[in-house]
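Okay, so here's the structure we're looking at.
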Amino acid sequence: MALINWTGNGDGSSWFDQANWDTNTIPGSTDDVVINIEGNWTIQVYS
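Under the numbering used here, think of the first position of the sequence shown as -10, with each following residue one higher.
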């Protein structure tokens, strides 16, 4: 398990854009995720 922080440095909205994460990896099902951004944002997650 890893702690992965959202940076939004990729496209800024897609969960599956690895550039949006501080580890440049997409979080897995056992990872902990922190999304600490101000304002009203929409993050897109596709199943």
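C-beta: ideal position from N, C-alpha, C; glycine also.
On a predicted model such as this, the values are computed, not experimentally measured, just so you know.
Buried or exposed (CB count within 10 angstroms, at least 16 for buried), residue i
i: N9; result: buried
Straight-line Cα distance separating residue j from residue i
i: S3; j: V34; result: 7 Å
i: A12; j: N29; result: One point to set straight first is that residue 12 is Thr, not Ala, in the sequence displayed. The alpha-carbon atoms of T12 and N29 are separated by roughly 24 Å.
i: G1; j: S18; result: 21 Å
i: I26; j: G(-1); result: 14 Å
Candidates the options, of which the one nearest residue i by Cα
i: M(-10); options: Q7, P16, I32; result: P16
Sheet register partners of residue i (DSSP bridge)
i: I(-7); result: V22
Within-8 Å CB hit, residue i to chain E
i: G(-1); result: Protein chains in the displayed structure number just one, and chain E is not present.
(message) Three Cβ pairs or more, each shorter than 8 Å: is that satisfied between the region 10 to 26 and the region -9 to -1?
(response) yes
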